[in-house]
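Chains as they are written, first to last, in the UniProt record's numbering: chain A, 1 to 156; chain B, 1 to 156. Note that CB positions come from ideal geometry on N, CA and C, so glycine has one too. Bear in mind that the values here come from a model prediction, so they are computed numbers and not experimental data.
2 protein chains.
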Amino acid sequence: MFDEIDIHILEILQEKARIPNAEVARQVGMAPSAVLERIRKLEERGIIEGYEVRLNPACFHQGLSAFVQVETDGTDAQIASALAAITSVQEVHQVVGPDGFLVKLRTADHTTLARILQQIRPLPGVKSIRTQVVLDTVKETRRVDLTEHNGNSRHS
Amino acid sequence: MFDEIDIHILEILQEKARIPNAEVARQVGMAPSAVLERIRKLEERGIIEGYEVRLNPACFHQGLSAFVQVETDGTDAQIASALAAITSVQEVHQVVGPDGFLVKLRTADHTTLARILQQIRPLPGVKSIRTQVVLDTVKETRRVDLTEHNGNSRHS
DNA sequence: ATACAATATGAATAAAATTCGTATTTAAAG
DNA sequence: CTTTAAATACGAATTTTATTCATATTGTAT
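See the structure below:
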């Protein structure tokens, strides 16, 4: 799927995604055109899904995080998409075990949170909800560990 | 803090973070140098925290997500950093209520997950853990809603 | 070994980033 | 409602980067 050079490129991009191609090429010791071609293919294959800007949520009145355990009657796509449609909802995960979803929210304050919760409760199929408000986020990353992939070669 | 033009720029960047500056300038109808200056200041002020590449976790043997409710004896920074130090741990949130943390994990499979859990259980201060394995992730975004900020002007 | 496909190179060109002097706008103070 | 100072925008010039493509090299299967 990908070799050590690809991993190296991905490591550089994970560190700082807006780094110029030419700089990546310098760091991996290859021609810029070759690196460009590799990145293109990583994008084509869906290994690179995209590039994101990380904004400071506190600057946009989104300082409060919460997790909501939503117990449901079955696990319809209906409920899932109703939850996903709420703007404050950042994540919706269907979990194993008793039917339900784990929802991650982001709101300005407790008042807004309460409003969103009142919005979730009456959704058809929702049996109960349990809310956990986040006091402090110690770690929050999406970085993928690439260290274990150094040995992979490019087999079809 | 920021005006409508900043919001417009941030919306464009949230859509596609690796878009060239010159293209952003075209879309907002300003000179590239002016847009560059604005983006710089957004970065300086910590409004833009950084740029990330989004990788497909499944391509790196990280296809399994799980949430772990860690009940603890108090909420030491000790426990938090011990949890955060584990590579598979993507998020550590201290939650309101009974002392504890909500931890988000990413592993290759159930076997690896079990191993990580056995690693968490004996940490000093950990009373009990409850694990929720993710079957399906319906939504997962970090996008900040900027639509409400159109009226903001630039006051100190 | 041979041939085919994939990848790398390097030069050339187009595009973008960056800098900076000047002009314009904005906001505060008088 | 001016005046003034600071912030921002502009646009030309320059440097750097992106992109393309013909050629060379490498890797792989037969």
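Against chain A, with Cβ distances strictly below 8 Å, would residue i count as a contact?
| i | result |
| --- | --- |
| B/D76 | no |
| B/V133 | yes |
| residue 185 of chain B | The structure shown does not extend to residue 185 of chain B, since chain B spans only 1 to 156, so no value can be given for it. |
| B/G46 | yes |
| B/T13 | A quick correction: the sequence has Leu, not Thr, at residue 13 of chain B. Answer yes: the Cβ-Cβ gap between B/L13 and chain A drops below 8 Å somewhere. |
Taking the alpha carbon of residue i as the reference point, which residue from the options has its own alpha carbon closest?
| i | options | result |
| --- | --- | --- |
| A/V75 | A/E37, A/Q27, A/L42, A/P124 | Per the sequence shown, the amino acid found at residue 75 of chain A is Thr instead of Val. Ranking A/E37, A/Q27, A/L42, A/P124 by Cα distance to A/T75 puts A/P124 first. |
| A/H93 | A/A80, A/I129, A/T72, A/T87 | A/A80 |
| B/F67 | B/A31, B/V53, B/L36, B/R130 | B/R130 |
| B/A84 | A/T141, A/M1, A/R26 | A/T141 |
| A/L146 | A/M1, A/E11, A/F2 | A/E11 |
| A/L64 | A/L36, A/E43, A/D109 | A/D109 |
| A/R38 | A/P122, A/L13, A/Q90 | A/L13 |
| A/V28 | A/E15, A/K16, A/D6 | A/D6 |
| A/T107 | A/A58, A/R121, A/A22 | A/A58 |
| A/K16 | A/A34, A/E4, A/S33, A/E52 | A/E52 |
| B/D99 | B/P122, B/T111, B/D73, B/A82 | B/D73 |
Which value, in whole angstroms, describes the spacing of the CA atoms of residue i and residue j?
| i | j | result |
| --- | --- | --- |
| A/V24 | A/K41 | 16 Å |
| A/V138 | A/L113 | 21 Å |
| A/H155 | B/Q78 | With a pLDDT of only 40 at A/H155, under 50, the local geometry of the prediction cannot be trusted, and no value is derived from it. |
| A/V144 | A/L117 | 32 Å |
| B/R45 | A/K127 | 44 Å |
| residue 221 of chain B | A/E43 | With chain B covering only 1 through 156, there is no way to say anything about residue 221 of chain B. |
| B/E71 | B/E91 | 16 Å |
| A/M30 | A/R54 | 29 Å |
| A/S88 | A/V103 | 10 Å |
| B/A22 | A/R18 | 14 Å |
What does residue i reach in chain A if we use C-beta pairs closer than 7 Å?
| i | result |
| --- | --- |
| B/P57 | V144 |
| B/K139 | A84, V89, E91, V92 |
| B/Q27 | Those within 7 Å of B/Q27 in chain A number zero; the least Cβ separation is about 15 Å. |
| B/L102 | F67, Q132 |
| B/H149 | F60 |
Can you name the residues of chain B whose CB is closer than 8 Å to the CB of residue i?
| i | result |
| --- | --- |
| A/T87 | D145 |
| A/K16 | G50, Y51 |
| A/L10 | V53, L55 |
List, in chain order, every chain B residue whose beta-carbon is nearer than 9 Å to that of residue i.
| i | result |
| --- | --- |
| A/A34 | Under the 9 Å cutoff, chain B gives no residues; its nearest Cβ is about 19 Å from A/A34. |
| A/S65 | H93 |
Confirm, please, whether the CB-CB distance from residue j to residue i is below 8 Å.
| i | j | result |
| --- | --- | --- |
| A/N56 | B/E49 | yes |
| B/Q132 | A/G97 | yes |
| A/I47 | A/F101 | no |
| A/V95 | B/L135 | yes |
| A/I86 | A/Q119 | yes |
Check the Cβ of residue i against every Cβ in chain A and list those closer than 9 Å, keeping chain order.
| i | result |
| --- | --- |
| B/A80 | D136, V138, K139 |
So is residue i in contact with chain B if we call contact Cβ pairs under 8 Å?
| i | result |
| --- | --- |
| A/V96 | yes |
| A/Q118 | no |
List, in chain order, every chain A residue whose beta-carbon is nearer than 8 Å to that of residue i.
| i | result |
| --- | --- |
| B/R54 | I48, E49, G50, Y51, E52, R142 |
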